[in-house]
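Chains as they are written, first to last, in my numbering: chain A, 355 to 512; chain B, 355 to 512; chain C, 355 to 512; chain D, 355 to 512. Quick reminder that beta carbons are idealized off the backbone N, C-alpha and C, glycines included. Take a look at the structure set out below.
There are 4 protein chains.
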Amino acid sequence: MPGVNRSPYVAVVGSGTATGELYELAREVGRLVAERGGIVVCGGLSGVMEAAARGAAEAGGAAIGILPDEDRGRANLYLSYSIPTGTGQARNLAVVCSGDVVVAVGGEYGTLSEIGLALKVGRPVVALKSWDLGGHVVVAASPKEAVERAFGAVRGVN
Amino acid sequence: MPGVNRSPYVAVVGSGTATGELYELAREVGRLVAERGGIVVCGGLSGVMEAAARGAAEAGGAAIGILPDEDRGRANLYLSYSIPTGTGQARNLAVVCSGDVVVAVGGEYGTLSEIGLALKVGRPVVALKSWDLGGHVVVAASPKEAVERAFGAVRGVN
Amino acid sequence: MPGVNRSPYVAVVGSGTATGELYELAREVGRLVAERGGIVVCGGLSGVMEAAARGAAEAGGAAIGILPDEDRGRANLYLSYSIPTGTGQARNLAVVCSGDVVVAVGGEYGTLSEIGLALKVGRPVVALKSWDLGGHVVVAASPKEAVERAFGAVRGVN
Amino acid sequence: MPGVNRSPYVAVVGSGTATGELYELAREVGRLVAERGGIVVCGGLSGVMEAAARGAAEAGGAAIGILPDEDRGRANLYLSYSIPTGTGQARNLAVVCSGDVVVAVGGEYGTLSEIGLALKVGRPVVALKSWDLGGHVVVAASPKEAVERAFGAVRGVN
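Given below as structure tokens:
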């Protein structure tokens, strides 16, 4: 029955220009989230957003992209569903609200805003090679640890 | 391959307090959209939003609810996925942007705003027992006609 | 003391491409609002938005423009203050929330959305050569009548 | 002529629960901004937001508060103008977009989000007893230094 034993939503946030190592880390995060039955939510564009969606898709899971634009033209090709919001960077709030927990992989200024918004609305944040914010976020050393910590945090909340 | 032959998104909008006839009309719209392979998008709450999601679910299709709140507590039980935005009535913009076409079933003031926003961002609007706005919307007399017109409008766009 | 006997905020909404008669009607609305001590709020761009701000400025009053963009580059030159929101058409919600009452002058789809949003959040709407929405809005035949009705509606609310 | 030699907008962000020292620091920032002819923009509520508006008002300047709510009921009493947005924490984007520069005084998670959003949309950020983010923000040791740095940053931009 929906709402009772439902899959956790994991928002994966990070830079839209990530390539190389960060891209692979985010892809692994997406894969592991999907393997554990979680739903990946992201900002729908390229870089970390694409990588997380790709990892989820490769593991047979679902990935939802929440876009800043009025249309889905820039949606990456690995999303199960795309949600154009038309609200620009305010869509960052929707991304983190849609996660029961947030995993930040790398990240630049948009990611910093998402971490702040996530904490503001009460979502736990797991950071993987991301902003150093002291005890406000859970620091993970690997995708595996990040996803374990994320699922642990969701269990704590639900 | 995603992005090439993808399913159309149909945003179904209408009053959150609809019951009886309007509820059944929206449920039928949701069912018909799903049967034709479309994805239902809605505001995620009760009334027409619930009915459209329910119809889609009953036909084995997908329904995504985009919520005004910061959490998914008020999401109806028929959604495949829920997207809390934290942006209040501004989520109406995300609902209509997420549709390739919008079907309005009945509706009060929020629905009127969604019709205006949809037209503003270039989405065709099909109205079923909804606001009378002259030639600006396509008026349909039944769920069947509404969904046919909606899919026809999407083909015209894509 | 602020908050007790404060000036009413009047949101003036309408097409960004209005010229000629509609422009002059909106300018007169802005002038009359300012002469009665009201504050004009608008969407900050051209057309009706510029005209209302211009009328207010010409009468020595204040006009605040709430812009869809991330910066104030497109703000019209008659605003006392400009508020870039970065949220695209979602700024329409801020425009109507910022008015204690809304006056629609002419108007296209964006205006229709603003009327819907205004009614949704409980703001009375006065329509001057705008959308015909039956008894849901107060229809005025002139700028003078529109402003009288608007101030009357605010008194009713406050 | 507006738009040519205009006053700079300074967004002052910080915790809504600040009292004591942080409140007085923000009040001094608001006062100094106003004395230099700047316009204070803030989130419109209590704590640092109130203090900055109060300082500006006490120096005879203008303060604009951009509120998360649909109405202005929670606006602090020192604002020249209040802008209810109805978009919840997404109003943080409007606050920082409305500043040509952002001064963060103390601050909790909402402030962190505002710093991230400000940097994302290209606004320089001056931090006074706020988040330690390395070279991404300009750290100031006093209200006087914060305002000098803020006006210096605006000159650099304009």
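Taking Cβ-Cβ distances shorter than 7 Å, what residues in chain D pair up with residue i?
| i | result |
| --- | --- |
| C:I420 | I437 |
Which chain B residues are close to residue i, counting only those with a beta carbon under 9 Å from its beta carbon?
| i | result |
| --- | --- |
| D:E468 | The premise fails here: D:E468 is roughly 15 Å from chain B at the closest Cβ pair, so nothing lies under 9 Å. |
| C:L447 | T441, G442, Q443, A444, N446, L447, S467 |
By how many angstroms is the C-alpha of residue j removed from the C-alpha of residue i?
| i | j | result |
| --- | --- | --- |
| C:G397 | D:E389 | 29 Å |
| B:A407 | A:Y435 | 15 Å |
| A:V383 | B:T465 | 39 Å |
| C:V475 | C:V394 | 19 Å |
| A:S400 | A:V479 | 21 Å |
| B:V493 | C:A448 | 30 Å |
| C:K498 | C:V387 | 9 Å |
| A:N446 | C:L376 | 38 Å |
| A:G374 | A:G461 | 14 Å |
| B:I420 | C:G414 | 44 Å |
| A:R516 | C:R360 | Look at the range of chain A in this structure, 355 to 512, and you will see that residue 516 of chain A is not part of it. |
| A:N512 | A:R477 | In this prediction, A:N512 scores a pLDDT of 49, lower than 50, which makes its location untrustworthy; the coordinate-derived value is nonetheless stated afterwards. Between A:N512 and A:R477, the C-alpha separation is close to 12 Å. |
Which chain A residues sit within Cβ distance under 7 Å of residue i?
| i | result |
| --- | --- |
| D:K474 | Q443, Y463, G464, S467 |
For a contact defined as C-beta to C-beta under 7 Å, what are the partners of residue i on chain C?
| i | result |
| --- | --- |
| D:E424 | C451, V475 |
Please tell me whether residue i and residue j are closer than 9 Å, where the distance is taken between their beta carbons.
| i | j | result |
| --- | --- | --- |
| D:G470 | A:S467 | yes |
| B:L482 | B:A500 | yes |
| D:I418 | D:L431 | no |
| B:R381 | B:A416 | no |
| D:V508 | D:V459 | no |
| B:P362 | B:G392 | yes |
| C:A444 | D:A444 | yes |
Looking at C-alpha atoms only, which residue of the options is the closest neighbour of residue i?
| i | options | result |
| --- | --- | --- |
| A:L379 | A:V508, A:R509, A:A495 | A:A495 |
| C:E412 | C:S400, C:R385, C:V475 | C:R385 |
| A:A372 | A:Y463, A:L447, A:G414, A:N446 | A:Y463 |
| C:S484 | C:V457, C:R428, C:R477 | C:V457 |
So which residues of chain B does residue i contact, with C-beta pairs closer than 7 Å?
| i | result |
| --- | --- |
| C:L471 | Q443, S467 |
Evaluate contact between the region 446–453 of chain C and the region 363–372 of chain C, counting only Cβ atoms and requiring at least three cross-stretch pairs below 8 Å. A contact exists between the region 446–453 of chain C and the region 363–372 of chain C.
With three or more C-beta pairs closer than 8 Å as the rule, is the region 482–500 of chain C touching the region 495–505 of chain B? Segments in contact, no.
So, do the region 409–426 of chain C and the region 438–445 of chain C have three or more beta carbon pairs nearer to each other than 8 Å? Flag = yes, the region 409–426 of chain C and the region 438–445 of chain C touch.
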